[in-house]
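Each protein sequence line maps, in turn, to chains B and E.
Just so you know, we're using my numbering here: the first sequence kicks off at 60 and counts up by one.
Just so you know, we're using my numbering here: the second sequence kicks off at 155 and counts up by one.
Just so it is clear, CB atoms sit at the ideal spot from N, CA and C, and this is done for glycine as well.
One structure is given here, and the rest of the page talks about it.
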Amino acid sequence: MNTTVARVLRNGAVRFGGIVLAVLIAVAVLAPVLGTVDPAWLDAVNMNQPPMTKADWTGPDNQTAPRTLLMGTDSFGRDVYSRVLYGTRVSLLVGVSVAVVALLAGTFFGLMAGYFRRVDAVLMRFMDGLMAIPGILLAIALVAAWGARLSTVIIAIAVPEIPRVTRLVRSLVLSIREEPYIEAAISIGTPTWKILLRHVLPNSIAPMVVQGTYVCASAILIEAILSFLGLGLPSEIPTWGNIMAEARVVFSSAPHNMWFPGIFLAFTVLAVNLLGDGLRDTLDPKFNKRGAQR
Amino acid sequence: MSETRAPVLSVRDLAVALPAGADRALAVEHISFDVGAGEIVCLLGESGSGKSVISFAVMGLLPDNVHVSAGEIRLGDTNLLSLTAAQLRELRGDEIAMIFQEPMTALNPVMTCGAQLDELLSEHTAFSAAERHAKTLAMFEAVKLPEPERIFASYPHQLSGGQRQRIMIAMALILEPKLLIADEPTTALDVTTQAEVLALIKTLQRERGTAVLFITHDMGVVAEIADRVVVLQQGKQVESGAKHEVLQSPREDYTRMLIAAVPPIDPPELHHHFADAPALSVQELCKTYSSGGWLQKRRETRAATLVSFDVRPGETVGIVGESGSGKSTVARCITRLIDPSQGEVHLRDVKLHAGSREALKAARKRIQIVFQDPYRSLDPRQRVGEAIIEGPVNFGVPREQALARARELMTLVRLSPDVLSRYPNEFSGGQRQRISIARALALDPEVLICDEAVSALDVSVQAQVLKLLEEIQAELNLAILFITHDLRVAAQICDRVLVMQHGIVVEQGTTRDVFRAPTHEYTRKLLASAPGRAFQFAAAAAT
């Protein structure tokens, strides 16, 4: 097991993605102490200031003091630096939560569909139906129906991902259930639930971890899209998506409002995807060989 | 005859380096041999001996991170190691051809067999389309394929394994190469097909004067086909010489051990009589698979028809047959991994054929199965200790007690009890099979089913596992149902055998009677096909 961990850590993509993500997580957690102010606070005197402006800034305590506006301010006079850093929290939280929810539900359904033929017929037709609806539209419909709260946004993004995870897990289970060690477990009297938990699940973990990172990356993007469309979280809660949405109208005069959250978003998705690719190369036996030859 | 002429292939002091971190620095070292025109040289070795590495080195097909570190390989006057990739590609097909073990994966599944040969000819020769067609058909005829015209238009999946291997041979020989490299070409084939393919390679090679480098792990095949033999162990050349020298008066201990490990095909005298009531009794067992129905025409496949036999405590009953004969189906029906269509299976007083699979849980304990593939029959994510105690724990044995028993069982199967906390990938094939046996024995079964349990193992390891099974049987008075395609193994371990063909038991009796005086034609054919039948291996090893 330790050799697997060592092999994963030797992979360049895993290292790069991991380090970028670690920095982003640190930024999200430490946002209050990184020289930020309340991201919803607005100072109407300083609107649409460009980055690195040294301005007299009236903070939430109503004290006016000189402050360097690292990323400038938006059209309401809010500090973009603070908003982007706090926005990291929402993006990472949504990405990870969606991955966890989609993986848990998808794994459960996938195990059922893969192992029990009767469940398979019904469940997979339902999943096929769900997959026929474009994910983003389904998410928009769900948010519209349930109202825009963090929990509903997470569920709304996770639901369209569930059929994809279910399909993956099902296909893994279908091949694992034919392995002789499953027959061996049956013949030593292992109950079915124990076969699923002890033998089938552990042997399908690696591809699921990889799939999880892709779900996470796409969830971060979809959350940004929902916010950009004004269907995500309300603008008091800063997210990269709604920062960019608000920046759209002043893009020609104050493009930094768009640039900074955009760069953060791009790097986060890139890091998560690289992490996923690296994990796939090291954990998936099919890619293992190719990696070894290089 | 070939000594006077210059050899076609000459390998001198070859060493191939493995990348850092491999289990050894050199895959092979100090390998020297010649293959003359019209000569068959066998590279004989167990798994890990480096025999395939040598063939890849000759073909120039070594993986990127593996390279020749010393020595030379000459084809006639050409030093193969000095050629560029393009020059080598030119040589392959024209001068060197290769046949692989698995004919299905070596053929392109979306091209007809005829088109694949045609492509080869148009690539390497200047023949017209009509000439190519005629030449291909002639080649199909030469490899004794029935109806060459039909085969020409067939896709690989429409042919049997033996026919596919014949296509491979046709492809290899159509350009009349000087050297043919055959890498375990008959290992995936049934024994009767193997005999035909071996005979075919030998005939064609004689007619055309092709030099053949034949790679195999099977001593019987060597006895059948080789002119000279090179014995390899762990990448080192143990000995080489003419077939009769090496097989009849081996100089090295390793060769002697290999030869001694080949089970003689003549069964020993039956010593014991089994008077007890049968532990397992199978009556008129049938298994029919049906597909289609509803919308398509219903198709039925009879995998097993009216199979009846008894196994008594302490007795080993063998089921022998080729692939598709239904022998594994019988084992699966008995253990209820699949449901039999008809017939009765009694485990003493328990009816295994009746009731739901769940209701059989208690009976499962008493009948255990060991599978063929040691690499897939253990869960790669489960420590071997956990695997062995899983069964007893399922039946309510406390963990501590089960672990203590597992330690005893490890000793019984000749493994150290200290390795229980390791994962299966840390063990060799033979060791894994011992672990599988220990797992089966952990439930104290009355009946043990071995489904090709030694078929995937090297011959020396196979001998050890067979001996182990025999000892365990004597100690625990087990009834063993032993399923195998290997007649030599059956001859040694079975008290009685059933011969199956197309789901039907064509002959059964004591092993000695069946092997010495087979009454059914198919049994006779099977026995005649066993490679190296004429050769007395055990006698040779004793000298």
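- Within the same chain, no Cβ atom closer than 6 Å to the Cβ of Glu562 (chain E) is found once the five residues on either side in sequence are excluded.
- By the neighbour-count criterion, in which 16 or more other beta carbons inside 10 Å mark a residue as buried, Val375 (chain E) falls on the buried side.
- Residue contact with chain B for Gln526 (chain E): present (Cβ-Cβ distance below 9 Å to some residue of chain B).
- For Cys604 (chain E), the uninterrupted beta strand (DSSP E) run begins and ends at 601–605, by DSSP.
- In the three-state reduction of the DSSP assignment, Ser683 (chain E) falls in the helix class, which pools H, G and I.
- Under the 9 Å criterion on CB atoms, Ala244 (chain B) is classed as interfacial with respect to chain E.
- Here Glu277 (chain E) has Gly247 as same chain residues with Cβ atoms under 8 Å from its own Cβ, once five neighbours each way along the sequence are excluded.
- Chain E places a beta carbon closer than 9 Å to that of Asn262 (chain B), counting this residue as a contact.
- Per DSSP, Phe287 (chain B) is one residue of the alpha helix (DSSP H) stretching across 260–287.
- The stretch 205–224 of chain E and the stretch 597–604 of chain E do not touch, with fewer than 3 CB-CB distances between them shorter than 8 Å.
- Looking at the DSSP output, Met252 (chain E) bridges to E:Ile335.
- Here Gly169 (chain B) is buried, its C-beta having at least 16 other C-beta atoms within 10 Å.
- Per DSSP, the beta bridge partners of Arg650 (chain E) are E:Val471, E:Thr664.
- Linking Met171 (chain B) to Pro193 (chain B) through their CA atoms gives a straight-line distance of about 25 Å.
- Not a single C-beta of chain E is nearer than 9 Å to the C-beta of Gly169 (chain B).
- In the DSSP assignment, no residue is bridged to Val351 (chain E).
- The beta carbon of Ile213 (chain B) sits closer than 7 Å to the beta carbons of Val153, Ser156, Val157, Val160 from its chain, once the five residues preceding and following it are set aside; these are given in chain order.
- In this chain, the beta strand (DSSP E) harbouring Phe187 (chain E) covers 180–189.
- Pairing Arg339 (chain B) with Asn262 (chain B), the inter-Cα distance amounts to about 14 Å.
- Scanning the stretch 515–580 of chain E for uninterrupted alpha helix (DSSP H) segments of 4 residues or longer gives 515–518, 538–548, 553–566, listed from N- to C-terminal end.
- Of the candidates E:Ser477, E:Thr442, E:Gln437, E:Ser308, E:Gln437 places its Cα closest to the Cα of Leu506 (chain E).
- With a threshold of 16 other beta carbon atoms within 10 Å, Lys519 (chain E) meets it and is buried.
- Scanning chain E for C-beta atoms nearer than 7 Å to the C-beta of Tyr240 (chain B) yields Arg530, Ser531, Leu532, Asp533, reported in chain order.
- The Cβ-Cβ distance between Gln585 (chain E) and Leu566 (chain E) does not fall below 9 Å.
- DSSP lists E:Arg228 as the beta-bridge partner residues of Asn233 (chain E).
- Shown here, Ile492 (chain E) sits in coil according to DSSP, grouped into three states, outside any helix or strand.
- Judged by DSSP secondary structure, Leu128 (chain B) falls within the beta strand (DSSP E) whose first and last residues are 123–128.
- E:Ile658 is the residue among E:Phe306, E:Ile658, E:Ser575, E:Lys356 whose C-alpha sits nearest the C-alpha of Ser479 (chain E).
- By the Cβ criterion, the stretch 352–362 of chain E is in contact with the stretch 316–326 of chain E, since at least three pairs of Cβ atoms, one from each stretch, lie closer than 8 Å.
- The straight-line gap separating the alpha-carbon atoms of Ser150 (chain B) and Tyr140 (chain B) is approximately 15 Å.
- Cβ contact annotation for Leu557 (chain E) (same chain, cutoff 8 Å, sequence separation greater than five): Gly539, Ile543, Leu574, in chain order.
- The same chain holds no residue with a CB closer than 8 Å to that of Thr62 (chain B) once the five nearest residues on each side in sequence are set aside.
- Assignment of Asp381 (chain E) by DSSP, reduced to helix, strand and coil, places it in the coil class.
- One thing to note: Leu280 (chain B) has its Cβ within 9 Å of the Cβ of Leu324 (chain B).
- Within the same chain, Cβ atoms closer than 8 Å to the Cβ of Asn262 (chain E) are found at Gln270, Pro310, the five residues on either side in sequence being excluded.
- Per DSSP, the continuous beta strand (DSSP E) segment holding Asp115 (chain B) begins and ends at 112–117.
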